[in-house]
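Visitor: Residue 147 is where the sequence shown starts when you use my numbering, and the numbers rise one by one after that.
Would you mind keeping the following structure in view while I ask a few things?
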Amino acid sequence: MKVTAGITAVNGYLPEYRLTNQVLETMVDTNDAWITERTGIKERRILTGKDQGLSVMAIEAVKGLLKKRGIGPEEIDLMIVASVTPDRVFPATANIVCDAIGAKNAWGFDLGAACSGFLFALTTGAQFIESGKHRKVVVVGGDKMSSIVDYEDRATCIIFGDGCGAVLLEPNEEGLGIRDSILRSDGSGCQFLHQKAGGSWHQTSERTVESKEHYIYQEGKAVFKFAVTNMADVSAEIMEKNGLTADDVAWLVPHQANKRIIDATANRMGLDAGKVMVNIEKYGNTTSGTLPLCLWEWEPRLKKGDNIILSAFGGGFTWGAVWLKWAYDGTHAG
Ligand code: UT7
147 MKVTAGITAV
157 NGYLPEYRLT
167 NQVLETMVDT
177 NDAWITERTG
187 IKERRILTGK
197 DQGLSVMAIE
207 AVKGLLKKRG
217 IGPEEIDLMI
227 VASVTPDRVF
237 PATANIVCDA
247 IGAKNAWGFD
257 LGAACSGFLF
267 ALTTGAQFIE
277 SGKHRKVVVV
287 GGDKMSSIVD
297 YEDRATCIIF
307 GDGCGAVLLE
317 PNEEGLGIRD
327 SILRSDGSGC
337 QFLHQKAGGS
347 WHQTSERTVE
357 SKEHYIYQEG
367 KAVFKFAVTN
377 MADVSAEIME
387 KNGLTADDVA
397 WLVPHQANKR
407 IIDATANRMG
417 LDAGKVMVNI
427 EKYGNTTSGT
437 LPLCLWEWEP
447 RLKKGDNIIL
457 SAFGGGFTWG
467 AVWLKWAYDG
477 THAG
């Protein structure tokens, strides 16, 4: 039988500090009622302290992941870290994480696809398992969005939070694991959602800092329109392509950007709210972190063989959906 890439463990890390809507009310001209109604968010976690980068969260998430699966770091073949807020432009945060945990036999790289980063990384990692090249691939999705959020911009600072999740991929011969994916990108969407400066195009200067070009720029309404249509379309498309009905789908794991986008996607798929993972009220939009953090939170309720659809839309534009069959019951495999 064809080898598939099964998720055999999932773990997450959330910083302790809770930035509530009430605290945001004291920082910008906003209010709890508006944020709750327009986004569904009540609070988000923020990684505080000096010199605390994405790797701080990723290291904890991966250490816990290996512990759950009962394997050592030297067994990891490949580490992919999906993020738009890596520790540094280079070297890759994957390298920092591998070094910190003692993954001496692994190679690794970072992958940037904004809110679709985890889906892109999951699909990439699965290829190495399916081809037989590797037996243990760690896929991390996480972001320290607070490092690029302008806390004077009420339209963006209310949405984002920090957090990180990780999964382990291993070969499966029962047809469980990643079964299909539809991934898309469209660079013409760049104008609506980007971080202007800091790369090779607009190099860092006093001017770029003064004009706040290192923060997220988002035209919320435009992004919302694209997100609603594309995330719903691609989720329906992957079901249709694989002959899955709403009854066949156990769970939708949607990117947590806005509760209204999540609801539109679930409606389009014909799913009841009870089959939709939603934790946006607690964590906001952690960009690459939302999907693995949902899987981690819902893990005790997942059953071997469950059909799960993950879907996301984000900056780039990037979007996509993955269909997977969950590989174990309860809180750990094997
Ligand atoms: O994850 C990556 C992809 N990103 C997304 O999917 C985000 C998609 N976009 C959104 O989720 C929504 O567009 C936002 C939550 C960002 C904004 O919600 P919206 O309903 O689209 O609001 P809007 O930008 O159209 O603004 C409506 C009004 C404006 O006031 P006027 O011009 O009508 O007087 C804004 O100035 O709401 C005002 N506003 C706020 N009011 C209170 C904007 N932000 C706030 C705020 N508090 N925080």
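From the three backbone atoms N, C-alpha and C, an ideal C-beta is built for every residue, glycine too.
Between K196, D308, L224, which lies nearest to C244 when the distance is taken from Cα to Cα?
Guide: As a position in the sequence shown, residue 244 is number 98, starting the count at 1. Considering only alpha carbons, the answer is L224.
Visitor: For the alpha helix (DSSP H) containing C310, name the first residue and the last one.
Guide: Within the sequence shown, numbered from 1, the residue matching residue 310 stands at position 164. Where C310 is concerned, there is no enclosing alpha helix (DSSP H), although the beta strand (DSSP E) it sits in stretches over 308-318.
Visitor: For S334, tell me which candidate among A392, G460, N388 has the shortest Cα-Cα distance.
Guide: As a working mapping, residue 334 is identified with position 188 in the sequence shown. Comparing Cα-Cα distances from S334 to each of A392, G460, N388, the minimum goes to G460.
Visitor: Counting along the chain, where does the beta strand (DSSP E) carrying V208 start and finish?
Guide: Taking the sequence shown and counting its residues from 1, the one referred to as residue 208 is at position 62. Unbroken run through V208 is the alpha helix (DSSP H), 200-215; no beta strand (DSSP E).
Visitor: Would you report the Cα separation of K387 and E356, rounded to the nearest angstrom?
Guide: As a first step, residue 387 must be located in the sequence shown, where it is residue number 241. As a first step, residue 356 must be located in the sequence shown, where it is residue number 210. Each residue's alpha carbon lies about 49 Å from the other.
Visitor: Whose CA, out of I362, A419, G366, lies closest to the CA of N404?
Guide: In the sequence shown, residue 404 corresponds to position 258, counting from 1. The candidate whose alpha carbon is nearest that of N404 is G366.
Visitor: Is I305 close to ligand 1? I mean its beta-carbon at under 7 Å from any heavy atom of the ligand.
Guide: Along the sequence shown, read from residue 1 onward, the residue named residue 305 stands at position 159. I305: yes, Cβ under 7 Å from ligand 1.
Visitor: Ends of the alpha helix (DSSP H) at G294?
Guide: Position 148 of the sequence shown, counting from 1, holds the residue named residue 294. The sequence given here places Ile at residue 294; Gly does not occur at that position. Segment: none, I294 is in no alpha helix (DSSP H) and carries neither H nor E.
Visitor: Taking only runs of the beta strand (DSSP E) that begin and end inside the segment 439-473, which ones reach a length of at least 3 residues, in chain order?
Guide: DSSP runs (the beta strand (DSSP E)) wholly in the segment 439-473: 453-460, 464-471.
Visitor: With distances taken between CB atoms, is the gap from T154 to A396 smaller than 8 Å?
Guide: The residue you call residue 154 lines up with position 8 of the sequence shown. The residue you call residue 396 lines up with position 250 of the sequence shown. The answer is no: Cβ separation not under 8 Å.
Visitor: Taking 7 Å as the cut-off, is the C-beta of G309 nearer than that to any heavy atom in ligand 1?
Guide: Taking the first residue of the sequence shown as position 1, residue 309 is located at position 163. For ligand 1, not one heavy atom lies less than 7 Å from the Cβ of G309.
Visitor: For D175 and I181, what's the separation of their Cα atoms in angstroms?
Guide: Counted from its first residue, the sequence shown places residue 175 at position 29. Counted from its first residue, the sequence shown places residue 181 at position 35. The straight-line gap from Cα to Cα measures roughly 11 Å.
Visitor: Taking 7 Å as the line, does the beta carbon of K209 fall inside it for any heavy atom of ligand 1?
Guide: In the sequence shown, residue 209 corresponds to position 63, counting from 1. No, Cβ of K209 sits at least 7 Å from all heavy atoms of ligand 1.
Visitor: Measuring alpha carbon to alpha carbon, tell me which residue in A479, Y297, K250, L437 is nearest F266.
Guide: Here the question's residue 266 lines up with position 120 in the sequence shown. For the residues A479, Y297, K250, L437, the minimum Cα distance to F266 belongs to L437.
Visitor: Tell me which residue opens and which closes the beta strand (DSSP E) that F264 is part of.
Guide: For this step, residue 264 is matched to residue 118 along the sequence shown. Segment 263-276 is the alpha helix (DSSP H) holding F264; no beta strand (DSSP E) there.
Visitor: Touching or not, the segment 342-356 and the segment 421-441, by the rule of three or more beta carbon pairs under 8 Å?
Guide: Result no; under three Cβ-Cβ pairs closer than 8 Å.
Visitor: Please go through the same chain and pick out, in chain order, the residues whose beta-carbon is closer than 7 Å to the beta-carbon of N376, but skip the five residues on each side of it.
Guide: In the sequence shown, the residue the question calls residue 376 occupies position 230. Contacts found: F459, W465.
Visitor: What three-state label does DSSP hand G258 in the structure shown?
Guide: The residue given as residue 258 occupies position 112 in the sequence shown. In this structure, G258 counts as coil in the three-state DSSP scheme.
Visitor: Three or more beta-carbon pairs under 8 Å between the segment 445-454 and the segment 285-304, yes or no?
Guide: Counting Cβ pairs under 8 Å, fewer than three are found: no touch.
Visitor: Does any heavy atom of ligand 1 sit closer than 7 Å to the C-beta of G333?
Guide: By 1-based counting over the sequence shown, the position of residue 333 is 187. Checking every heavy atom of ligand 1 against the Cβ of G333, none is found closer than 7 Å.
Visitor: For V374, does the count of other Cβ atoms within 10 angstroms reach 16, so buried, or fall short, so exposed?
Guide: Start at 1 with the first residue of the sequence shown, and residue 374 comes out as number 228. The residue is buried, with at least 16 neighbouring Cβ atoms inside 10 Å.
Visitor: Could you give the DSSP three-state label for V149: helix, strand or coil?
Guide: Residue numbering aside, residue 149 sits at position 3 when the sequence shown is read from its first letter. Of the three classes helix, strand and coil, the one that applies to V149 here is coil, per DSSP.
Visitor: By DSSP, does M173 sit in helix, in strand, or in coil?
Guide: Numbered from 1 along the sequence shown, position 27 holds the residue referred to as residue 173. It is coil, neither helix nor strand.
Visitor: Looking only at its own chain, which residues have a Cβ that is under 7 Å from the Cβ of T239, when we skip the five neighbours before and after it?
Guide: Walking along the sequence shown from the start, residue 239 turns up at place 93. Closer than 7 Å at Cβ, skipping near neighbours: L200, S201, A204, V227, S229, P232, D233, D256.
Visitor: If you draw a straight line from the C-alpha of H401 to the C-alpha of I408, how long is it?
Guide: Mapped onto the sequence shown, residue 401 falls at position 255. Mapped onto the sequence shown, residue 408 falls at position 262. Spanning the two alpha carbons is a distance of roughly 7 Å.
Visitor: From this set, R325, H340, F338, M423, which residue's C-alpha is nearest T150's C-alpha?
Guide: Along the sequence shown, read from residue 1 onward, the residue named residue 150 stands at position 4. For T150, the nearest C-alpha among the options comes from R325.
Visitor: Checking 8 Å against the spacing of the C-beta atoms, do G311 and L441 come in under that value?
Guide: The residue given as residue 311 occupies position 165 in the sequence shown. The residue given as residue 441 occupies position 295 in the sequence shown. Cβ atoms of G311 and L441: closer than 8 Å.
Visitor: Going by CA-CA distance only, name the one from L470, V285, M385, E320 that's closest to M147.
Guide: Taking the first residue of the sequence shown as position 1, residue 147 is located at position 1. It is E320.
Visitor: Taking 6 Å as the limit between beta carbons, can you name the residues of its chain near T518, skipping five residues before and five after?
Guide: Residue 518 cannot be examined here, being either before or after the span of the chain that is shown, 147 to 480.
Visitor: Could you pull the DSSP bridge partners for V286 from this structure?
Guide: Counting from one through the sequence shown, the residue named residue 286 turns up at place 140. For V286, which the question treats as bridged, DSSP gives the partners V227, A312.
Visitor: Here's the rule: buried if 16 or more other CB atoms are within 10 angstroms of the residue's CB, otherwise exposed. What is S346?
Guide: Taking the first residue of the sequence shown as position 1, residue 346 is located at position 200. Exposed.
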